[in-house]
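What follows is a short report on a single structure.
Chains as they are written, first to last, in our numbering: chain A, 1 to 217; chain B, 1 to 418.
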């Protein structure tokens with residue numbers, strides 16, 4: 001009798017993942033936009049790596065917000081103060097204008113209501129620093145056209161039905177959201193091939209991620 | 001609050017070993033304590049224990065504030081065959097949450113208590129008789145004033161940290177407000193900046209149970225035995241508030257105590273295991289606790305309200321540069337997370353260094369005492385204290401060189417040679 005044969009998987013062509021900028025790149029880009037000595041909150045601070053640098057090398061007064069208990073313990077071990085919070089519930093424990101900068105790195109697309117979080121960031125801080133993946137990248141577009149597959153990112157290579165990436169946006173989309181929220185884009189810095197590029201041509205086609213610096217109008 | 005809900009903690013070789021309760025006499029006349037209720041009290045005897053070694057720089061002391069019915073015996077055993085270690089033995093010891101290889105840990109019985117520190121069952125030196133209800137009304141502030149004096153008495157200028165759960169956490173907060181320069185860190189577990197109306201309500205029932213026991217005799221019951229029914233009843237009720245629906249369900253469910261089936265007997269009071277457990281807790285409590293102390297201390301707790309005492313929580317805590325660690329528990333309905341968050345909000349508003357976590361635990365208010373949960377608490381409190389100590393030592397590496405008045409005092413206190 002024939003043993004049940006594993007159904008032969010059709011080899012799917014290698015899937016394109018938007019490369020997330022390495023942690024070091026993001027940290028460097030973010031740090032370059034934070035004035036020394038300022039008060040900074042990092043939303044989704046993980047183990048407090050960025051905040052530790054900002055505190056030790058920029059003399060910043062820092063606070064982390066994180067949901068995961070293990071990551072919080074990591075932040076505590078770095079001596080970084082951290083508040084356990086679920087960003088989807090806003091930042092109800094933080095008073096208005098209590099920070100100079102609110103940082104949100106590679107997390108916005110995972111939140112249920114990105115616009116609420118951006119609003120909250122600009123409520124508690126003078127400036128919001130947001131790093132988002134750009135799903136407008138040409139390879140994402142090409143993949144959608146040629147293979148008919150939805151985009152994923154390299155550090156979050158999840159399937160569409162099981163991904164923390166709830167939202168897919170491009171630079172155009174983000175600008176539109178900023179306008180809708182009546183906040184000013186002070187700076188738009190595309191990250192292309194792991195490098196922050198100040199004035200990039202066709203950024204919406206080429207950037208893997210983008211750093212936005214936002215202010216209230 | 002030491003419900004002893006968990007199995008007795010077995011010694012795992014990480015014990016502080018044999019310990020002895022010591023005692024200090026503070027506030028000797030004429031330097032008596034003037035209580036918040038404006039009554040003089042002194043001398044005051046304080047029972048305390050210490051674990052670990054005080055560092056040469058005297059910068060590694062941690063004060064443990066016990067909860068409502070705790071005592072100075074927080075860790076170790078009193079004799080080689082003592083089967084019951086101190087109430088926080090799972091958390092205090094070599095390599096534990098409060099690592100006695102690193103820190104000098106102090107725990108003292110609170111003012112108004114009945115386990116060695118002056119309280120209503122102590123002898124009033126003025127009359128040669130027990131205070132009973134002539135003992136002055138005390139507050140959490142008065143309790144902390146005595147702790148603070150004990151720390152000075154031990155030659156320690158500044159604590160690395162004060163830590164406590166429940167009423168212990170209230171003491172830590174009051175400490176940060178009243179003696180802001182004495183703390184390097186404040187660790188507040190399952191606590192709040194005030195006792196909630198619900199908390200006052202439960203205390204009210206407990207008080208009524210004691211006061212309405214004919215054995216109470218206006219507090220002068222020492223010759224004839226305590227108001228055991230009232231005190232046991234107070235404890236039974238309070239004990240329920242320290243647990244959670246889930247933990248009671250898990251440990252007892254609807255299981256019967258002595259039978260396979262229901263008895264259909266109205267006056268059989270301990271049919272269910274949970275009933276038997278509560279009766280047992282009540283009975284044991286009467287053996288170890290004083291009814292007058294219970295009344296004084298629950299009242300001190302009722303009165304606790306940082307915002308009322310200092311104008312606002314923010315103004316109460318804005319004068320300390322202590323780092324705060326605030327921990328709440330998901331199933332704690334006596335001191336719910338919302339109350340810890342209120343505290344955290346105030347600390348953030350006044351820009352203190354604050355870390356907050358809500359731990360998922362089934363054990364209710366008592367979670368901070370449950371040995372099974374201690375490793376996790378240690379994984380949080382341990383690094384928090386280590387970083388606090390690093391920061392303290394970075395700031396003042398050589399106490400005499402700093403030229404800060406405070407540091408100079410430390411040097412003088414430590415009899416440093418200059």
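Glycine included, every Cβ here is placed at the ideal spot set by N, Cα and C.
Just so you know, these numbers come straight off a predicted model, no measurement behind them.
Check                                                                                                                                                                 : Outcome
Can you round the beta-carbon distance between residue 105 (chain B) and residue 18 (chain B) to whole angstroms, since I take them to be within the 8 Å contact cut? : Going by Cβ atoms, the distance from residue 105 (chain B) to residue 18 (chain B) rounds to 15 Å, so no, they are not a contact pair.
From the DSSP secondary-structure annotation, give me the bridge partner or partners of residue 22 (chain B).                                                         : B:48
Can you find a C-beta in chain A that's less than 8 Å from the C-beta of residue 306 (chain B)?                                                                       : no
Taking only the alpha-carbon atoms, compute the straight-line gap between residue 135 (chain B) and residue 97 (chain B) and give it to the nearest angstrom.         : 36 Å
From which residue to which residue does the alpha helix (DSSP H) around residue 309 (chain B) run?                                                                   : 306 to 310
List in chain order: all unbroken alpha helix (DSSP H) runs of 4+ residues lying wholly within the segment 270 to 324 of chain B.                                     : 273 to 288, 291 to 303, 306 to 310, 313 to 317
What in chain E is Cβ-close to residue 379 (chain B), meaning under 8 Å?                                                                                              : Among the chains of the structure shown, chain E does not appear; the protein chains present are A and B.
Are the segment 150 to 162 of chain B and the segment 47 to 62 of chain B touching, with three or more C-beta to C-beta distances below 8 Å?                          : yes
Residues in the same chain with beta-carbon distance under 6 Å from residue 63 (chain A), minus the five sequence neighbours each way, listed in chain order, please. : 41, 81
Using a Cβ cut-off of 7 Å, pull out every chain B residue sitting near residue 82 (chain A), in sequence order please.                                                : 355
Leaving out five residues before and five after residue 316 (chain B) in sequence, what residues of the same chain have Cβ atoms less than 6 Å from its Cβ?           : 177, 306, 310
Taking DSSP as the reference, what is the three-state secondary structure of residue 113 (chain B)?                                                                   : coil
Does the Cβ-Cβ distance between residue 105 (chain A) and residue 134 (chain A) come in under 8 Å?                                                                    : no
Given that a residue counts as buried once 16 or more other Cβ atoms are within 10 Å of its Cβ, and exposed if not, what is residue 84 (chain B)?                     : exposed
Looking at residue 304 (chain B): is its Cβ nearer than 8 Å to the Cβ of residue 277 (chain B)?                                                                       : no
Please state whether the Cβ-Cβ distance between residue 146 (chain B) and residue 46 (chain B) is less than 8 Å.                                                      : yes
At a cut-off of 7 Å, is residue 150 (chain A) close to the ligand NAD when judged by its beta-carbon and the heavy atoms of the ligand?                               : Only the bare structure without any ligand can be found here, which leaves the ligand NAD out of the picture.
Tell me, please, whether the CB atom of residue 77 (chain A) is closer than 8 Å to any CB atom in chain B?                                                            : yes
Would you tell me roughly how many angstroms separate the C-alpha atoms of residue 94 (chain B) and residue 37 (chain B), rounded to the nearest one?                 : 41 Å
Taking only three categories from DSSP, how would you classify residue 80 (chain A)?                                                                                  : coil
What are the residues of the segment 90 to 106 of chain A that lie near chain B, defined by any Cβ-Cβ distance shorter than 7 Å?                                      : 93, 94, 95, 98
List, in order along the chain, the chain A residues whose C-beta lies closer than 8 Å to that of residue 387 (chain B)?                                              : 76, 77, 78, 79
I want to know whether the segment 230 to 247 of chain B touches the segment 362 to 370 of chain B - three or more CB-CB distances under 8 Å.                         : yes
Which same chain residues end up closer than 8 Å to residue 124 (chain A) when comparing Cβ atoms and leaving out the 5 residues on each side of it in sequence?      : 41, 91, 94, 95, 96, 97, 98, 99, 102
Measuring alpha carbon to alpha carbon, tell me which residue in A:191, A:52, A:33, A:43 is nearest residue 264 (chain A).                                            : The structure shown does not extend to residue 264 (chain A), since chain A is modelled only from 1 to 217, so the question has no answer here.
From residue 164 (chain A) to residue 272 (chain B), what distance separates their C-alpha atoms?                                                                     : 47 Å
Who pairs with residue 354 (chain B) in a beta bridge, going by DSSP?                                                                                                 : B:324
Along chain A, which residues have their Cβ under 9 Å away from the Cβ of residue 344 (chain B)?                                                                      : 83, 93
Tell me which same chain residues have a C-beta within less than 6 Å of the C-beta of residue 71 (chain B), skipping the five on either side of it?                   : 109, 115
With a 10 Å radius around its C-beta and 16 neighbouring C-beta atoms as the bar for buried, classify residue 171 (chain B) as buried or exposed.                     : buried
How big is the Cα-Cα spacing for residue 122 (chain B) and residue 268 (chain B)?                                                                                     : 39 Å
Name the two residues that bound the continuous alpha helix (DSSP H) containing residue 379 (chain B).                                                                : 374 to 395
Helix, strand or coil, according to DSSP, for residue 5 (chain B) in the structure here?                                                                              : Because the pLDDT of residue 5 (chain B) is 43, which lies under 50, any placement of that residue in the model is unreliable, and the question is left without a value.
Any chance you could list the alpha helix (DSSP H) runs of at least 4 consecutive residues sitting entirely within the segment 79 to 138 of chain A, in chain order?  : 114 to 124
Which same chain residues end up closer than 8 Å to residue 183 (chain A) when comparing Cβ atoms and leaving out the 5 residues on each side of it in sequence?      : 118, 122, 128, 214, 215, 216, 217
Just the Cα atoms here: how many angstroms apart are residue 210 (chain A) and residue 189 (chain A)?                                                                 : 6 Å
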